[in-house]
Structures are given as structure tokens and as C-alpha cells.
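Only one structure is covered here, and it is reproduced in the block below.
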Amino acid sequence: MHETLHLLRKTDFPPIRRKALDTLQVNLGYRCNQTCQHCHVNAGPTRTEAMDAPTVELVLEALRTWRLTTLDLTGGAPEMNPHFRHLVTQARVLGVRVIDRCNLTILSEPGHEDLAQFLAGQGVEIVASLPCYSQDNVDRQRGGGVFGRSIAALRALNALGYGQAGSALSLGLVYNPQGPSLPPGQQALEADYKRELAEQFGIEFTQLYVLANMPIQRFGSMLVSKGEFASYMKLLKDNFRAVNLDSVMCRTMISVDWEGYLYDCDFNQMLHMPARLGQHPRPHLRDLLAQPVEGLPIAIADHCYGCTAGQGSSCGGALAA
Numbered sequence: 350m351h352e353t354l355h356l357l358r359k360t361d362f363p364p365i366r367r368k369a370l371d372t373l374q375v376n377l378g379y380r381c382n383q384t385c386q387h388c389h390v391n392a393g394p395t396r397t398e399a400m401d402a403p404t405v406e407l408v409l410e411a412l413r414t415w416r417l418t419t420l421d422l423t424g425g426a427p428e429m430n431p432h433f434r435h436l437v438t439q440a441r442v443l444g445v446r447v448i449d450r451c452n453l454t455i456l457s458e459p460g461h462e463d464l465a466q467f468l469a470g471q472g473v474e475i476v477a478s479l480p481c482y483s484q485d486n487v488d489r490q491r492g493g494g495v496f497g498r499s500i501a502a503l504r505a506l507n508a509l510g511y512g513q514a515g516s517a518l519s520l521g522l523v524y525n526p527q528g529p530s531l532p533p534g535q536q537a538l539e540a541d542y543k544r545e546l547a548e549q550f551g552i553e554f555t556q557l558y559v560l561a562n563m564p565i566q567r568f569g570s571m572l573v574s575k576g577e578f579a580s581y582m583k584l585l586k587d588n589f590r591a592v593n594l595d596s597v598m599c600r601t602m603i604s605v606d607w608e609g610y611l612y613d614c615d616f617n618q619m620l621h622m623p624a625r626l627g628q629h630p631r632p633h634l635r636d637l638l639a640q641p642v643e644g645l646p647i648a649i650a651d652h653c654y655g656c657t658a659g660q661g662s663s664c665g666g667a668l669a670a
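Take the sequence shown: its position 161, counted from the start at 1, is 510 in this note's numbering, and no numbers get skipped.
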């Protein structure tokens, strides 16, 4: 796989600093039951990295110490971590909003048959990857049979109340472009998704999140192999909007890797660009417990243009209408 950090490190991206911290995004490991072309984590079934029990307890301590409002769980498939349910349960006891970034097919994997019921019982918000409402497009990007299993999972979640009008169980879907292009407008595409999924499959959901593909890991390597890396970076830079700088996710979030080390965002984590917290060259969760982060600089490189191009892109979808 082609590394891209050396192509991104020299940058003219504007310097930005942190606001008050409200979200801990935790990568519970890189093991996944899928291998997706756009995956910026390079996750898959053969990955073995997983957060251990002591580090999970540090996550809970950070939530308590900082009185954070949101725990955002990602992977890989975060549900494949053996401590996933303990972490979710204890975070909910603290009154923390929990987001599970779910690939949907995990709900039908052996050993996870009751996962949907567990998530509903804990009031966990689900953000699920569904890069298109077309079977051909999804299976091409994520693997044969994924679309059918995803539809079955969405129906099961709807039956539990997820995505239903008046329900507190939020079900978000995530769209990624299939190639080196900016995503379409989030509002218009959400309307298309809701119409098509309702008419074809009787499926409802709460919100669509539109994300740009980042020029790192598996997607970045593909761009390099096809000779499209420079043109994609030009596209991102040509569509830079300074107004998006105020609401990029790194301003109010800290990303935690499976070992407990800290990064300004999930993308920096995959590029091995640690957060800048005081004198710590590679800060850890235990360092976060002792140090305020508001006002500190954020580590940047050219991939940051991916979050600020056009309507903007973050783990919460587009930044501007």
C-alpha cells in the first residue's frame, strides 16, 4: 500500500486551535468483518489490534473527569471489541450520549445476533455506513452481498424503533463518493435516500451524513496507484471554504486510538500525527486527564482540505447547508 503522509505534510492549510472539549471519539480496534475500498482505517478481518480492558477504563475515567457529553465509538467494527458492551453500558450510566459507527452487516455476524437489541436497550445512536441506495454501487465498494445484508439490518433496526418518527432511537446513514470527487449536497441527497429506501424497501432513517473521502490509507493509496492523487488534492484545495474552519470536528473532539494515544481527529490517527498537548510528544489518555486542551494548536497537513472543501465534511456530515 502507498503511504501518503510525505505527500501531505508540507501544507499551507490555515492554523487552527481547539475550543472546549465535548466529544471523545474512540477507535476500539481495526478488526472488521468487511474490507471497504474507501476505508481510511485500512480495517479488515485479519487485523488484530483491539483496545484492552485497562484502556477502556481510562476512557470511562476521561468521560467522568472532563464531564464530556458524547462518546463516539468507531473501528474497524467497534462491536467486535470484547469490551464494547461494558464500555457502552458504563458510559450510559454516566449519562453520556453514545454513538456507534456501525457497518450494519455486523448485526448478522455469528455471536452478534442480539446486538441490535442491546443497542436499542441502551439508547445508543447508530451511524451506519450505506454509501448508496443502489445494490450494484454498494456491493462494488464494500463487497458482494453487503447491500442485501445492510437492508436486512436496517429493517431490523426499524422494527426496534430506530429511525422512526417520534422515536428517541436515532439512525443516521453515511454516504461516501465512490471515486475522487466531492460529495453532492447533503440535503438533496438525503431526500433522495429517504424516497428510494422508503419506496423500494420500506426503510426509514433519521439523517444522512455526507462525508468526503480522505487522501490517506486505502483510498489515498488507490489515488497514487491511478495517478490521481495530485488532481484530487487540487480539487479539494480549489473548493476550500474558510467558513468551514470554525466548525471542523477537531476543534471540540479528541480521537483515541486502540492503545489510548491521542490525536486531533481519526484521520490524523491514521497518519500517525499525534495531538499537540503540552510537552508530550505522543500524548496518552492519562495525559488528557491532567491537562486542559482549550486553545491548544491542532496538528494539520494537506488532508485537512478534505474537511473544508465545498459544504465541508466531518463525522457529523456536512458543515454547511
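Just so it is clear, CB atoms sit at the ideal spot from N, CA and C, and this is done for glycine as well.
Since we're looking at a predicted model, the values are computed, not measured.
Under the rule that 16 or more other beta-carbon atoms within 10 Å means buried, what is residue i, buried or exposed?
i    : result
H355 : exposed
N525 : buried
R635 : exposed
L422 : buried
P646 : exposed
K543 : buried
H432 : buried
H652 : buried
A514 : exposed
E428 : buried
A669 : exposed
L557 : buried
Within the same chain, show all residues whose beta-carbon is closer than 6 Å to that of residue i, passing over the 5 residues directly before and after it, in chain order.
i    : result
V642 : R367, L370
G425 : G378, Y379, R380, C381, A392
S483 : none
M602 : T372, Q374
F362 : I649, C653
Once the 5 residues before and after residue i are set aside, which same chain residues still bring their CB inside 8 Å of it?
i    : result
T438 : Q471
R504 : F550, G551, I552
State the beta-bridge partners of residue i as determined by DSSP.
i    : result
H633 : Y610
L668 : Answer is none; L668 lacks a bridge partner.
G627 : BP columns for G627 are empty, so no partner.
T372 : T419, M602
G378 : A399
E474 : I448
A650 : Note: A650 sits in no beta bridge, so no partner.
S663 : G666
R366 : P646
A658 : F589
By Cβ distance below 7 Å, which residues in the same chain neighbour residue i in space, the five residues on each side in sequence not counted?
i    : result
L638 : E410, A411, T414
N507 : Q513, I552, E553
S457 : R498, A501, A502
M598 : C614, S663, C664, G665
S516 : G510
Are the C-beta atoms of residue i and some chain C residue less than 8 Å apart?
i    : result
T360 : Checking the listed chains, one finds no chain C in this structure; it contains a single protein chain.
### Query
What are the complete alpha helix (DSSP H) segments, minimum 4 residues, inside the stretch 542–620?
Correct list: 566–574, 578–587, 615–619.
### Query
So does the stretch 359–370 actually touch the stretch 399–408, counting three or more Cβ pairs closer than 8 Å?
Not touching, per the Cβ criterion.
### Message
Runs of 3 residues minimum, wholly inside the stretch 489–546: which ones carry the beta strand (DSSP E) assignment?
### Response
Here the runs fully enclosed are 520–524.
### Query
At which residue ranges does the stretch 381–451 contain complete beta strand (DSSP E) runs of 3 or more residues, listed in the order of the chain?
Correct list: 419–423, 446–451.
### Query
Would you call the stretch 494–506 and the stretch 606–624 touching, i.e. three or more CB-CB distances under 8 Å?
By the C-beta criterion, the stretch 494–506 is judged not to be in contact with the stretch 606–624, since fewer than 3 inter-stretch pairs fall below 8 Å.
### Cβ pair count under 8 Å reaching 3, the stretch 557–572 against the stretch 522–538
Enough Cβ pairs lie closer than 8 Å, so yes.
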